[in-house]
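Comments concern the structure below.
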Amino acid sequence: MRRITIAVLVLIMVFALLVGLHPMTPARTRDDYRHKAKDTAESVLSSVQTARLVARVGSRGDAFGPYVSVMLSESEVGADGAQTSFESIQPPDRYSDLTRAHLTELIQRSSDVLSRLRISARRGELDRLEDQARPLRHLSQQLEAFIDDPGPR
Amino acid sequence: MKKLLGVTLGILTAMGGFVDIGDLVANSATGARYGMSLAWAVVLGVVGIVVYAEMSGRVASVTKRATFDLVRERLGARAGLLNLGASFFITMLTLIAEVAGVALSVQLVTDVNYLLWIPLAGFAVWLVIWRVKFETLETTFGLLGLAMIVVVVAVVQLDPSWTQLWHHATHPSVPSGEGHPTYFYYAIALFGAAMTPYEVFFFSSGAVEEKWTRSDLMLNKANVYLGFPLGGLLSLGLMASAALVFHPLGVGVENLSQVALPTSVALGKIGLAFIIVGFVACTFGAALETALSCGYTMSQYFGWQWGKLVAPRDASRFHLVALLSVFVAIVVGLTAIDPIKVTEYSIVLSAAALPLTYFPILVIANDRTYMGEEVNGPVQNTIASIYMVILTVVALATVPLMIATKAGS
């Protein structure tokens with residue numbers, strides 16, 4: 000019984016660790032790559048939309064400065080993390096190269112805005128956030144379009 | 000009048016103490032991803048915890064002994080050890096998540112990295128366990144946890160279409176683009192969050208600590224039948240607020256801070272202040288409960304002197320286990336492991352271990368040698384048996400679903 004107990008516990012831990020590491024597996028086909036690109040775009044869209052909401056509540060005085068700052072930092076980290084993971088995937092063909100270029104550009108533009116928002120929030124310039132977040136509206140639309148049809152434009 | 004006040008306080012404490020970091024994250028994440036279509040899993044989990052917590056409270060009141068004490072005696076040392084190993088591991092994971100949750104909550108009002116708060120949060124948890132009376136800590140954090148009612152107010156303020164919300168909740172469906180395995184993985188996460196094993200260990204040990212007798216069975220029923228479902232309402236409030244604000248925007252909940260955003264959108268700074276107080280109370284209260292549960296389970300299994308009512312020098316091993324558990328939680332938390340991931344694993348792995356916790360309670364609650372006239376009735380047994388089947392299915396499905404869905408990603 001003791002051996003079974005230990006074996007069960009070890010199995011659970013190994014499974015948890017394996018899954019927890021969330022290994023980004025290589026993309027072997029174009030479809031696989033598109034799928035991973037779509038997942039990445041969804042993740043970045045989530046960060047962008049969160050930042051838009053936070054910028055709104057921050058500018059309108061509906062949230063405390065430290066909270067806004069933490070939220071915007073996390074959004075930036077989220078977008079950067081998605082970008083790093085995505086860029087580490089080897090594109091399998093020329094078409095995927097174009098997909099990669101397009102999505103990377105979208106993420107980069109999003110990250111730039113998120114960085115500016117985070118800097119303003121840390122300086123206590125909360126009233127500027129809504130204006131600074133304006134480009135995110137268009138970027139979120141572009142990301143949504145990409146999610147609907149992942150590929151180059 | 001005094002008794003009524005005691006019952007009301009018990010209900011409010013049970014309600015405020017129901018939500019922990021697992022509920023905060025799981026309900027908000029599923030609301031953002033699936034709208035209200037997983038509300039059934041919360042209801043299923045709340046009914047389950049009500050059935051089994053009532054049973055464990057009754058067992059503790061009648062026998063004046065806590066769950067693990069009886070598990071070893073009734074099921075034997077080996078089966079008891081299997082139970083202890085799994086339960087302790089899950090409770091430890093939950094403690095790590097809760098201590099990190101306290102730190103993350105404090106970060107929201109200070110903007111100082113949560114890693115710097117983890118040692119302080121852990122020290123505060125240990126200090127409260129060491130110095131504060133059981134009843135005081137249970138009531139204080141339970142009542143402070145009532146600040147989470149603000150999420151229900153926020154949902155009302157967001158002015159949703161109630162008909163649509165109700166329709167989504169009562170006509171569950173898997174959204175397009177989402178697979179069934181991921182949907183059921185999240186259902187299991189919600190179920191596990193509602194039925195976390197430590198809640199039963201703490202509840203039954205608390206009944207012994209507070210010297211419950213047969214005359215307290217009514218108090219047990221009131222706490223469980225009213226307090227827990229009201230706590231479940233807070234869980235549904237978290238889900239609904241995320242469903243209303245995040246779901247239409249395609250936002251996924253990855254951080255604890257996001258859980259507060261719908262309330263901030265709906266109620267501004269006052270709402271945000273309430274929900275952050277609620278976060279601290281819920282996570283701190285749950286950290287106390289899980290740290291104590293580590294001490295309870297270990298001491299009850301090995302037959303050591305245990306409890307907050309016993310002088311520390313007489314229950315030294317109980318206090319040592321609680322202290323070491325908090326220390327491990329601090330060390331693991333400081334490795335910068337993602338606290339939200341730890342939370343997700345703790346609730347999902349809880350689900351995998353549920354039968355180990357709940358089956359012995361069912362066995363003991365049916366044993367006339369222990370329970371006398373307070374043995375389970377046919378209705379309780381029917382519901383509990385149905386749940387045991389559900390728990391077994393959930394336990395068997397958890398790990399395969401975790402692998403197949405890459406932990407719901």
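Chains as they are written, first to last, in numbering that gives the first Met the number 0: chain A, 0 to 152; chain B, 0 to 408. C-beta atoms are modelled at their ideal positions from N, C-alpha and C, and glycine is treated no differently.
CB-CB length for residue i against residue j, believed under 8 Å
{"i": "TYR185 of chain B", "j": "TYR33 of chain B", "result": "7 Å"}
{"i": "GLU343 of chain B", "j": "VAL101 of chain B", "result": "Going by Cβ atoms, the distance from GLU343 of chain B to VAL101 of chain B rounds to 18 Å, so no, they are not a contact pair."}
{"i": "GLN299 of chain B", "j": "ALA65 of chain B", "result": "5 Å"}
{"i": "LYS268 of chain B", "j": "ASP61 of chain A", "result": "6 Å"}
{"i": "ALA383 of chain B", "j": "VAL41 of chain B", "result": "Going by Cβ atoms, the distance from ALA383 of chain B to VAL41 of chain B rounds to 19 Å, so no, they are not a contact pair."}
{"i": "ASP409 of chain B", "j": "SER60 of chain B", "result": "Since the first residue shown for chain B is 0 and the last is 408, residue 409 of chain B is missing from the structure and cannot be characterised."}
Nearest-angstrom Cα separation, counted from residue j out to residue i
{"i": "PRO171 of chain B", "j": "THR62 of chain B", "result": "42 Å"}
{"i": "ALA285 of chain B", "j": "GLU208 of chain B", "result": "17 Å"}
{"i": "LEU20 of chain A", "j": "ILE339 of chain B", "result": "The predicted model places LEU20 of chain A with a pLDDT of 49, which falls under 50 and marks its position as unreliable, so this point remains unresolved."}
{"i": "GLY121 of chain B", "j": "CYS293 of chain B", "result": "15 Å"}
{"i": "GLY230 of chain B", "j": "SER204 of chain B", "result": "20 Å"}
{"i": "VAL108 of chain B", "j": "VAL131 of chain B", "result": "26 Å"}
{"i": "ALA239 of chain B", "j": "GLU72 of chain B", "result": "44 Å"}
{"i": "ASN222 of chain B", "j": "LEU361 of chain B", "result": "19 Å"}
{"i": "LEU74 of chain B", "j": "LEU81 of chain B", "result": "11 Å"}
{"i": "THR397 of chain B", "j": "GLY236 of chain B", "result": "26 Å"}
{"i": "TRP39 of chain B", "j": "PRO228 of chain B", "result": "13 Å"}
{"i": "PHE17 of chain B", "j": "PHE87 of chain B", "result": "20 Å"}
{"i": "VAL124 of chain B", "j": "LEU143 of chain B", "result": "16 Å"}
{"i": "HIS34 of chain A", "j": "MET401 of chain B", "result": "20 Å"}
{"i": "VAL47 of chain A", "j": "SER87 of chain A", "result": "21 Å"}
{"i": "VAL309 of chain B", "j": "GLU288 of chain B", "result": "17 Å"}
{"i": "SER27 of chain B", "j": "MET35 of chain B", "result": "10 Å"}
{"i": "ALA321 of chain B", "j": "PRO90 of chain A", "result": "51 Å"}
{"i": "PRO411 of chain B", "j": "ALA403 of chain B", "result": "For chain B, the structure presents residues 0 to 408; residue 411 of chain B sits outside this window and is missing."}
{"i": "LEU348 of chain B", "j": "ASP130 of chain A", "result": "44 Å"}
{"i": "TYR182 of chain B", "j": "LEU248 of chain B", "result": "19 Å"}
Cβ pair residue i, residue j closer than 8 Å
{"i": "THR262 of chain B", "j": "ILE274 of chain B", "result": "yes"}
{"i": "LEU136 of chain B", "j": "ALA328 of chain B", "result": "no"}
{"i": "GLU198 of chain B", "j": "ALA76 of chain B", "result": "no"}
{"i": "LEU233 of chain B", "j": "VAL154 of chain B", "result": "no"}
{"i": "SER72 of chain A", "j": "ARG115 of chain A", "result": "no"}
{"i": "GLY47 of chain B", "j": "MET194 of chain B", "result": "yes"}
{"i": "PHE317 of chain B", "j": "PHE200 of chain B", "result": "no"}
{"i": "LEU157 of chain B", "j": "ALA265 of chain B", "result": "yes"}
{"i": "PRO151 of chain A", "j": "THR98 of chain A", "result": "yes"}
{"i": "VAL252 of chain B", "j": "ALA13 of chain B", "result": "no"}
{"i": "LEU255 of chain B", "j": "SER104 of chain B", "result": "yes"}
{"i": "LEU44 of chain A", "j": "ILE146 of chain A", "result": "yes"}
{"i": "LEU271 of chain B", "j": "PHE63 of chain A", "result": "yes"}
{"i": "ALA335 of chain B", "j": "LEU4 of chain B", "result": "no"}
{"i": "LEU333 of chain B", "j": "ILE117 of chain B", "result": "yes"}
{"i": "VAL112 of chain A", "j": "ALA132 of chain A", "result": "yes"}
{"i": "VAL378 of chain B", "j": "ALA364 of chain B", "result": "no"}
{"i": "PHE190 of chain B", "j": "ALA280 of chain B", "result": "no"}
{"i": "ALA36 of chain A", "j": "PRO149 of chain A", "result": "yes"}
{"i": "VAL58 of chain B", "j": "MET370 of chain B", "result": "yes"}
{"i": "SER68 of chain A", "j": "ASP110 of chain B", "result": "yes"}
{"i": "ALA352 of chain B", "j": "ALA188 of chain B", "result": "no"}
{"i": "TYR357 of chain B", "j": "LEU395 of chain B", "result": "no"}
{"i": "ILE346 of chain B", "j": "GLY44 of chain B", "result": "no"}
{"i": "ALA96 of chain B", "j": "VAL341 of chain B", "result": "yes"}
{"i": "ASP126 of chain A", "j": "SER84 of chain A", "result": "no"}
{"i": "GLY56 of chain B", "j": "VAL70 of chain B", "result": "no"}
Quiz prompt | Selection of the region 65 to 76 of chain A by Cβ proximity to chain B, strictly under 7 Å | solution = PRO65, TYR66, SER68, VAL69, MET70 and GLU73
Quiz item: Closer than 8 Å, Cβ to any Cβ of chain A: which residues of the region 82 to 112 of chain B, in chain order?
Solution: GLY84, ALA85, PHE88, GLN106, LEU107, VAL108, THR109 and ASP110
Exercise. With 7 Å as the limit, tell me which residues of the region 263 to 295 of chain B have their beta carbon closer than that to any beta carbon of chain A; keep them in chain order.
Key: SER263, VAL264, GLY267, LYS268 and LEU271
Exercise. Closer than 8 Å, Cβ to Cβ, to anything on chain B: give me those residues from the region 39 to 50 of chain A, in chain order.
Key: GLU41, SER42, LEU44, SER45, GLN48 and THR49
Quiz item: Looking at chain A, which residues of the region 10 to 30 of chain B have a Cβ within less than 9 Å of any of its Cβ atoms?
Solution: none
Quiz prompt | Contact set between the region 59 to 78 of chain B and chain A, restricted to residues whose Cβ is under 7 Å from the partner | solution = ARG77
Self-check item: Selection of the region 365 to 379 of chain B by Cβ proximity to chain A, strictly under 9 Å
Solution: none
Self-check item: Residues of the region 244 to 255 of chain B with Cβ closer than 9 Å to any Cβ of chain A, in chain order
Solution: VAL244, PHE245, LEU248, GLY249, VAL250, GLY251, VAL252, GLU253 and ASN254
Self-check item: the region 72 to 101 of chain A: positions lying closer than 8 Å to chain B by Cβ
Solution: GLU73 and GLY77
Exercise. Select from the region 127 to 150 of chain A all residues with a C-beta closer than 9 Å to any C-beta belonging to chain B, and list them in chain order.
Key: SER139, LEU142, GLU143 and ILE146
Self-check item: Short-range partners of chain A found in the region 150 to 180 of chain B, where Cβ spacing is below 7 Å
Solution: none
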